[in-house]
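Inspection log for the structure reproduced underneath, given as structure tokens.
Residue numbers (this note's numbering): 10 to 431.
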């Protein structure tokens with residue numbers, strides 16, 4: 010397979026490995042204290058009564074109501090609901106309705122919290138979407154079922170390939186998008202899972218205004234990544250997962266690593282053959298182990314995403330903000346940097362404001378680099394940063410309302426979401 014750039018792949022993997030070493034070493038000495046004998050994170054009970062927005066409403070409308078220490082209850086499903094306006098869905102204000110459900114399919118002491126989210130949105134510039142995502146952990150974490158289904162009408166700006174495209178290259182692309190991703194993993198050892206999946210991307214009704222922009226038409230034809238009026242990618246993937254977190258909605262100390270190899274093939278109906286690798290690593294370090302005190306955590310995230318051969322459709326190439334969960338690049342406009350390869354790193358400090366967990370804040374910084382179309386080298390680094398407020402919506406699923414303000418050179422944004430960015 011001579012078309013695979015092994016040099017680029019090895020450089021990216023080595024870079025992301027080095028980034029992962031730092032946070033891993035910070036908590037290695039405390040790893041044994043955070044896990045039960047069964048080999049899974051234990052559920053910590055707080056001695057200080059925890060409070061969320063549900064408690065606030067009940068206190069206001071139900072005289073005599075009092076909060077109690079947070080613990081596992083007999084409830085089957087923990088819902089969080091957020092109707093609000095946000096600027097995170099592109100230019101102009103957007104109306105976002107986010108519903109997240111957290112639930113256990115087994116004993117909470119040895120089964121991770123499953124989650125399902127549905128976040129329909131629209132803005133007043135022709136963009137709307139119906140994304141549905143799921144992360145289902147079966148009893149004793151024996152099986153994991155993942156899903157990501159979206160139907161989107163998504164006019165969006167693009168700047169071409171590489172990390173040094175000027176702002177004048179901004180070009181509007183109109184398209185519709187249907188995504189269907191499914192994964193099925195089995196536990197091999199404690200924390201370690203392996204499985205297979207299927208991924209389908211269908212971009213259709215694609216059009217771009219190339220007459221009134223500084224972006225050369227050749228940008229869409231480099232690397233056999235033409236911007237056609239439609240593209241269909243379909244094929245299997247292989248998935249390796251290492252996850253010591255107990256709650257993906259709001260991770261506590263632990264770590265996460267996910268390696269996905271994807272192939273799109275004409276055998277499965279795709280337009281052409283192309284392959285990609287996505288490696289995601291995260292680490293959460295508790296700076297205070299007294300559960301009665303406010304949250305005090307450092308979180309690290311880095312991922313490497315690369316195509317392995319030519320022929321990947323333009324809209325399927327690695328691009329900032331188009332990671333698996335669409336959470337990367339806070340402070341950078343989605344789609345601003347695109348290439349055959351992308352490296353991303355982010356660090357965040359999370360701190361409670363109130364002892365009852367109702368309020369908290371975060372401070373974050375990140376950096377992005379994409380490969381250049383001619384050399385396939387990472388030549389430019391683009392930093393961003395910001396801060397945010399956290400409001401506990403549901404203490405049982407530990408779901409926060411996240412209000413983040415991010416900025417980078419020439420760009421500012423406000424993001425509203427349920428759950429942490431990573």
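By construction, the Cβ of each residue, glycine as well, lies at the ideal position given by its N, Cα and C atoms.
Within 10 angstroms of its Cβ, does residue i collect 16 or more other Cβ (buried), or is it exposed?
i           : result
residue 275 : exposed
residue 431 : buried
residue 348 : buried
residue 101 : In this predicted model, residue 101 has a pLDDT of only 49, less than 50, meaning its place in the structure is not dependable enough to derive any value.
residue 53  : Only weak support is given to the placement of residue 53: the predicted model assigns it a pLDDT of 46, under 50, and the question is left unresolved by the model.
residue 402 : buried
residue 86  : exposed
residue 148 : exposed
residue 421 : exposed
residue 46  : With a pLDDT of only 34 at residue 46, under the threshold of 50, the placement of this residue in the model should not be trusted, and no figure is reported.
residue 216 : exposed
residue 332 : buried
residue 169 : buried
Can you tell which of the options has the C-alpha that lies nearest to the C-alpha of residue i?
i           : options               : result
residue 150 : 375, 123 and 143      : 123
residue 336 : 324, 311, 315 and 384 : 311
residue 189 : 381, 140, 367 and 399 : 140
residue 213 : 195, 185 and 423      : 185
residue 370 : 157, 350 and 305      : 305
residue 368 : 191, 386 and 399      : 399
residue 111 : 89, 224, 67 and 316   : 89
residue 357 : 404, 415, 349 and 390 : 415
residue 126 : 339, 406 and 201      : 406
residue 156 : 191, 316 and 60       : 191
residue 202 : 224, 179, 268 and 106 : 268
residue 317 : 70, 343, 179 and 282  : 282
Rounded to whole angstroms, what's the CA-CA distance from residue i to residue j? Just pull it up for me.
i           : j           : result
residue 176 : residue 388 : 18 angstroms
residue 428 : residue 218 : 36 angstroms
residue 289 : residue 296 : 23 angstroms
residue 373 : residue 411 : 13 angstroms
residue 245 : residue 134 : 35 angstroms
residue 341 : residue 294 : 26 angstroms
residue 258 : residue 137 : 24 angstroms
residue 204 : residue 144 : 14 angstroms
residue 198 : residue 158 : 29 angstroms
residue 363 : residue 62  : 13 angstroms
residue 280 : residue 241 : 6 angstroms
residue 173 : residue 208 : 31 angstroms
residue 211 : residue 284 : 16 angstroms
residue 355 : residue 419 : 20 angstroms
residue 391 : residue 166 : 18 angstroms
residue 171 : residue 160 : 28 angstroms
residue 239 : residue 345 : 21 angstroms
residue 380 : residue 60  : 46 angstroms
residue 365 : residue 264 : 25 angstroms
In this structure, what does DSSP give as the bridge partners for residue i?
i           : result
residue 168 : Answer by DSSP bridge pairing: none, since residue 168 is not bridged.
residue 185 : 162 and 213
residue 331 : BP columns for residue 331 are empty, so no partner.
residue 353 : 312 and 377
residue 272 : 284
key: Runs of beta strand (DSSP E) lying entirely within the region 362–409, each at least 3 residues, in chain order   = 368–379 and 391–403
ask   = Taking only runs of the alpha helix (DSSP H) that begin and end inside the region 276–308, which ones reach a length of at least 4 residues, in chain order?
value = none
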